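Working notes, beginning with the structure itself.
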Amino acid sequence: MNYLKSVIKETMRLHPLVPLLVLRESTKSSKIYGYDIPAKTRVMVNAWAIGSDPKSWEDPDKFYLERFMDGGNKSHVDFRGHDFELIPFGARRRIWSGIHFVTPTIQCALANLLHIFDWKMPDRVDTDMDEGHGVLV
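Listed below in structure tokens is the structure:
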């Protein structure tokens, strides 16, 4: 099950369901990393950019699930955003309330799909693996 959890984490890191998290509004003027944020400014967090940041992730464009396995350098990282490195559902007080429902649901659904079906690529079909922009529906 740890392998499956690592696959899900790495997939959510590379391809978050919603790349731009819900808008928030600053309640007071702040300065963050040298940027002045006036009061009442709407702020949007880019979860995709955080998951692709080379300062936080070694080889950020590579699908490397071992980083989340026991002994990997990111094995401690979870979906709850404690380290602000993996935040597909938001973080801390602003985290999506359904996270405790959806995480086991994704694990169970994927485990059942992998267990029940025999998966193979169709013969002579070129698969387009180019990425596109948008929101997963």
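Taking the numbering used here, I'd label the letters of the sequence shown as residues 866 to 1002.
For each residue, glycine too, the CB sits at the ideal point set by N, CA and C.
Since the model is a prediction, treat every value here as computed from it, not as a measurement.
- Taken through DSSP and simplified to helix, strand or coil, serine 940 comes out as coil.
- In the DSSP assignment, serine 895 falls outside any alpha helix (DSSP H) and lies within the beta strand (DSSP E) extending over 895-897.
- DSSP, reduced to helix, strand and coil, places isoleucine 902 within a strand of the structure shown.
- Per the DSSP secondary-structure output, glycine 916 pairs with nothing in a beta bridge.
- The Cβ atoms of threonine 968 and phenylalanine 944 sit closer than 8 Å to each other.
- A buried status is given to glutamate 875, since no fewer than 16 other beta-carbon atoms sit within 10 Å of its beta-carbon.
- Judged by beta-carbon spacing, arginine 907 lies beyond the 8 Å limit of glutamate 923, meaning their Cβ atoms are not closer than that value.
- Valine 908 is bridged by DSSP to Arg889.
- Taking one beta carbon from each stretch, the stretch 869-889 and the stretch 936-954 have 3 or more pairs nearer than 8 Å; the two touch.
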